[in-house]
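Engineer:
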Amino acid sequence: MAIKTEPFILNIGPQHPSTHGVFRLRATLDGEVVVDVEPVIGYLHRGIEKLAEGRTYTQNIPFTDRLDYLASITNNLAYVLAVEKLAEVKVPERAEYLRVITAEMMRIASHLMAVGFFLNDLGAMMTPVLYMWREREKLLDLFEMVCGQRLTYNYMRIGGVSHDIPEEFLPALKRFVAEMPGFIDEYDQLLAGNEILLVRSKGVGVLPEELAINSAASGPVLRASGVKWDIRRADPYSIYDRFDFDIPVGSAGDCYDRYWVRVQEMRQSVRILEQAIPQLPEGEVCAEVPRLLRPPVGEVYGHIEAPKGELGFYLVSDNSIAPYRFRIRPPTLINLTALKDMVIGWKVADLIITFGSIDVCLGEIDR
Amino acid sequence: MKFERYGIGIAKGMALTFKHLFRPPITVQYPEEKLVVSRRIRGNELVWYPDRCTGCATCAKSCPQGNIEIVTHVGDENNYVVDKFEVDTGRCMFCGLCVESCPYEALAMGLSYERAQYRRGQLVLSKEELRLSDVRQPSGYARPKIEATLPEQSLLVNWDREKGGQKLSLVPLSKKRGRGV
Ligand code: SF4
Ligand code: SF4
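Top to bottom, those sequences are chains A and B.
Start counting the first sequence at 23; every next residue gets the next number (the working numbering).
Start counting the second sequence at 34; every next residue gets the next number (the working numbering).
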């Protein structure tokens, strides 16, 4: 006697620990096998793009903090770089270095969260994530020292950064940079050879190279699929062309490679910090920019390599004090479009870890 | 997936976890023990100095949220007299742009960070509530002179792993500067 089966629709989220925020996945299942997934987004929509059209260029900087709130500095940076391109502002040397230093610190902090929570989704409940939070906490302390907040930094300004670093900053950062490789080794000892991790993530949620390119994926998700594309190298912004670093690429494009690429990128960020700290010049930290900046009529697209991928800002100016159009290209929204192709045919538990390995941030997806 | 010797990776991880059992804790018991916050903390709302404020409303114009409401009239010496200076801190996002833009240093961010209230209306602060007081101290954000007088921030990086123990500087309970306590 044949058993009659029919597909079953499972709602994951919006309030669910594995959805990294308020995100809903409508998964169609055949038994335990995923047949279809449909992301439902918009729970955190605040209309930032519209709000920004009513505010001056400087007033929009704190709004960019609230996109990917786990990496606010890079959001600030992408936005101010776009405005500077539009208004042709020259940034002082010291500010450029401070931007690179803080952006790389941010990349480490964001990847620590990504890797930690990926393991959380895998079932390694809270142990790895707390190890990684310890290091992230040190970085947050340093950010707090520089710009007074731990999450929404609002540090970049058009033409530079808002404050110079205090005296105690560099010794503390040097200490962090010196001990960080040891901690990354510790994570490797804890995780890289762990059989459970390997079995659960190797070959799971594969994103083939071609599909990764066609779906416009970026960041660690793209690089894990074997594409050597990093905007810091491909279209250097700020002063990244002065530093020596490698671009780690994966080969299989599976969950394990995405995890591995992130860990290696942390090592590379530490390398950039090691080079940038001794080179830091003295001088001004912000150029003279009128408070009510009126960039010339025109449009601009500025993009950077944010921890999660290519973060772009498209701005249109009509020579008034506020942008005429303010459009964000959030990396994780676009990486998320590839999720369906990655998970079909896998089990529900694999759906969760594949979703975790994309490293989404809902503040950025919904905007 | 095949492994030559299954379990080695897990054992290595367990060894590390075991080592952690003997590491002294780096956490603190929050309400009783408090860490020293950054000198530039963008903490509790704002601190307003009526004697320095000219009523120019630069701060109100630079606020992205339009939180600051200022009403003035022209006084005897052809100056502005501030009748109303009200900040709706329920909508404030602590960006600090108002403090950065004030040309007379009449505004500073606050130092404390415990600001829960029972009602939303209590978050709208009037001229009197924004003044300097025991519980409303200014932080050094964009105010280097104040910054120099504040104690050093406790940093987890400076926590001494070799010697162990709690090396973070703490503010004892009696000296806390919170509001509404
Ligand atoms: S900018 Fe400063 S001086 Fe002007 S109204 Fe605001 S607080 Fe007063
Ligand atoms: S901190 Fe920012 S949001 Fe708050 S009142 Fe000042 S400018 Fe407005």
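In this text, a Cβ means the ideal position worked out from N, Cα and C, and glycines have one as well.
Note that the structure is a prediction, hence the values are computed from the model and not measured.
Please report the distance separating the alpha-carbon of E65 (chain B) from that of I294 (chain A).
Structural biologist: 40 angstroms
Engineer: Which residues end up in the neighbourhood of ligand 1 when you take C-beta atoms closer than 6 angstroms to any of its heavy atoms?
Structural biologist: B:C86, B:T87, B:G88, B:C89, B:A90, B:T91, B:C92, B:I103, B:C135, B:Y137, B:A139 and B:L140
Engineer: I'd like to confirm the pairing. Which residues does DSSP put opposite P61 (chain A) in its beta bridges?
Structural biologist: A:L47
Engineer: Quick check: does the Cβ of V120 (chain B) come within less than 7 angstroms of any heavy atom belonging to ligand 2?
Structural biologist: yes
Engineer: Using the beta-carbon of each residue, which ones in chain B are nearer than 8 angstroms to F335 (chain A)?
Structural biologist: Going along chain B, no residue has its Cβ under 8 angstroms from F335 (chain A), so there is no contact; the nearest lies around 17 angstroms.
Engineer: For a test of the three-state rule: what should DSSP assign to V120 (chain B), helix, strand or coil?
Structural biologist: strand
Engineer: Mind listing the chain A neighbours of C128 (chain B)? Cutoff is C-beta to C-beta under 7 angstroms, in chain order.
Structural biologist: P84 and N176
Engineer: Under the three-state reduction of DSSP, which class applies to L373 (chain A): helix, strand or coil?
Structural biologist: helix
Engineer: Less than 7 angstroms separating the Cβ of C308 (chain A) from some heavy atom of ligand 2?
Structural biologist: no
Engineer: Would you mind giving the Cβ-Cβ distance between G129 (chain B) and Q170 (chain B), rounded to the nearest angstrom? I have them listed as a contact below 8 angstroms.
Structural biologist: Not quite, the Cβ-Cβ distance comes to about 16 angstroms (not below 8 angstroms), so this is no contact.
Engineer: Take the Cβ of Y281 (chain A) as the centre, count every other Cβ of all protein chains shown within 10 Å, and call the residue buried at 16 or more, exposed below.
Structural biologist: buried
Engineer: Do N82 (chain A) and F348 (chain A) have their C-beta atoms closer together than 8 angstroms?
Structural biologist: yes
Engineer: Roughly how many angstroms lie between the CA atoms of Q171 (chain A) and V271 (chain A), to the nearest whole one?
Structural biologist: 33 angstroms
Engineer: Quick one: Cα of S71 (chain B) to Cα of L188 (chain B), how far?
Structural biologist: The C-alpha of L188 (chain B) is placed about 9 angstroms away from the C-alpha of S71 (chain B).
Engineer: What does DSSP give as the partner residues of A141 (chain B) in its beta bridges?
Structural biologist: B:V80
Engineer: Look at the alpha carbon of V59 (chain A) and the alpha carbon of L373 (chain A), and state the distance between them as a whole number of angstroms.
Structural biologist: 9 angstroms
Engineer: Based on Cα-Cα distance, which residue from A:V168, A:F45 and A:K362 lies nearest to E189 (chain A)?
Structural biologist: A:V168
Engineer: Mind pulling the beta strand (DSSP E) runs of 3 or more residues that sit fully within the segment 297–340 of chain A?
Structural biologist: 320–328 and 331–339
Engineer: So, do the segment 75–90 of chain A and the segment 121–135 of chain B have three or more beta carbon pairs nearer to each other than 8 angstroms?
Structural biologist: yes
Engineer: Anything in the segment 96–126 of chain B with a Cβ closer than 7 angstroms to a Cβ of chain A? List those residues in chain order, please.
Structural biologist: Contact residues of the segment 96–126 of chain B toward chain A are P97 and M126 (C-beta to C-beta distance below 7 angstroms).
Engineer: Below 6 angstroms CB to CB, which residues in the same chain sit around I70 (chain A) once its five sequence neighbours on both sides are set aside?
Structural biologist: F85 and R389
Engineer: Name the residues in the segment 301–322 of chain A whose C-beta lies less than 8 angstroms from a C-beta of chain B; which are they?
Structural biologist: R313
Engineer: With a cut-off of 8 angstroms on the beta carbons, I'd call I253 (chain A) and I326 (chain A) a contact; round off their distance for me.
Structural biologist: 6 angstroms
Engineer: Name the DSSP bridge partner or partners of H106 (chain B)?
Structural biologist: Answer is B:V114, bridged to H106 (chain B).
Engineer: Quick one: which unbroken alpha helix (DSSP H) runs of 4-plus residues sit fully inside the segment 80–139 of chain A? Chain order, please.
Structural biologist: 83–87 and 94–109
Engineer: Strictly below 7 angstroms CB to CB, what residues from chain A border R18 (chain B)?
Structural biologist: With chain B running from 34 to 214 in the structure shown, residue 18 (chain B) is simply not present.
Engineer: For G248 (chain A), which three-state DSSP category applies?
Structural biologist: coil
Engineer: Does any residue of chain A have a CB that is nearer than 8 angstroms to the CB of R210 (chain B)?
Structural biologist: Low per-residue confidence applies at R210 (chain B): pLDDT is 47, beneath 50, and the placement is therefore not dependable enough to give any value.
Engineer: Does R197 (chain A) get closer than 8 angstroms to chain B when you measure Cβ to Cβ?
Structural biologist: yes
Engineer: If you run the structure through DSSP and keep just helix, strand and coil, what is N176 (chain A)?
Structural biologist: The answer is coil: DSSP assigns N176 (chain A) none of H, G, I, E or B.
Engineer: Is N100 (chain B) near ligand 2, going by C-beta to nearest heavy atom under 7 angstroms?
Structural biologist: With a threshold of 7 angstroms, the Cβ atom of N100 (chain B) counts as near ligand 2, since some heavy atom of the ligand is closer than that.
Engineer: Can you tell me whether S223 (chain A) is buried or exposed? The criterion is at least 16 other CB atoms within 10 Å of its CB, across all chains shown.
Structural biologist: Buried.
Engineer: Could you please give me the residues that DSSP links to D363 (chain A) through a beta bridge?
Structural biologist: In DSSP, D363 (chain A) forms no bridge with anything.
Engineer: What is the rounded straight-line gap between the Cα of G367 (chain A) and the Cα of C277 (chain A)?
Structural biologist: 15 angstroms
Engineer: For a quick check, are the C-beta atoms of S291 (chain A) and P317 (chain A) less than 8 angstroms apart?
Structural biologist: No; because the gap between Cβ atoms is not below 8 angstroms, this pair is not in contact.
Engineer: Kindly list the residues whose CB is nearer than 7 angstroms to the CB of D268 (chain A), restricted to its own chain and excluding five residues on each side of it in sequence; keep chain order.
Structural biologist: Excluding positions up to five away in sequence, the list reads Q290.
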